[in-house]
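Visitor:
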Amino acid sequence: MADVLEGLAAYWSSRPELVLAMGPLYDAEAPEGTRLPYAVRLLVSEVPQHTTGDVETVVTNVSVVVRASTAKAARDLSALVRAACRKDAPILADGRPVLHCLRVGGDMVKDDGRGPLGRDVWAVTTDLEIMTAGPPSR
Numbered sequence: 198m199a200d201v202l203e204g205l206a207a208y209w210s211s212r213p214e215l216v217l218a219m220g221p222l223y224d225a226e227a228p229e230g231t232r233l234p235y236a237v238r239l240l241v242s243e244v245p246q247h248t249t250g251d252v253e254t255v256v257t258n259v260s261v262v263v264r265a266s267t268a269k270a271a272r273d274l275s276a277l278v279r280a281a282c283r284k285d286a287p288i289l290a291d292g293r294p295v296l297h298c299l300r301v302g303g304d305m306v307k308d309d310g311r312g313p314l315g316r317d318v319w320a321v322t323t324d325l326e327i328m329t330a331g332p333p334s335r
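Under this note's numbering, the first residue of the sequence shown carries the number 198, and numbering increases by one thereafter.
#1: Taking only heavy atoms of the ligand FAD into account, decide whether any of them is closer than 6 Å to the Cβ of Gly250.
#2: So Arg300 and Leu325 are supposed to be a Cβ contact under 8 Å. How far apart are they, rounded?
#3: Roughly how many angstroms lie between the CA atoms of Ser266 and Pro287, to the nearest whole one?
#4: Could you spell out the range, first to last residue, of the beta strand (DSSP E) harbouring Val259?
#5: Skipping 5 residues on each side, what residues in its chain have a beta carbon closer than 6 Å to that of Thr322?
#6: Which residues in the same chain as Gln246 place their Cβ atom closer than 6 Å to its Cβ, once the five residues preceding and following it in sequence are excluded?
#7: With distances taken Cα to Cα, identify the nearest neighbour of Asp317 among Ala271, Lys284, Ala276, Leu296.
#8: With DSSP as the reference, identify every bridge partner of Thr322, one or two as the case may be.
Structure below.
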């Protein structure tokens, strides 16, 4: 199966508006002491849909979580993520382009006292469905 998480991180790194606003896209959690705002990616599921001959289609669900010091900042940064991760985003997974990248959900929560100096942190999740096709996994 294609490495969608690495492909998403590489795509993120190529988008100056994302890097300037939030830095790199971290895997699962940001390093200790990372300043707000930042974003992490989480693998939710990766499921082969069907195999036809020598092609397997795989749907990968990924959550991108943006953390910021205010609700407005978190919403604004999440809008950047949604704009960049559009249906025709040129994301590559193991060198193969994805067939589609769709926003399938998301939510916003307040983490009381989880930020620097015990301040509140706002987290907005953008759930993505990324479909790839390639040689079947063995």
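Glycine included, every Cβ here is placed at the ideal spot set by N, Cα and C. Computed from a predicted structure; not experimentally measured.
Guide: On the basis of the data shown:
#1: Absence of the ligand FAD from the depicted structure is noted, as is the absence of any ligand whatsoever, leaving it without description.
#2: 6 Å
#3: 30 Å
#4: 252-265
#5: Ser260, Val262, Gly303, Asp304
#6: Thr254, Val256
#7: Ala271
#8: Val262, Asp304
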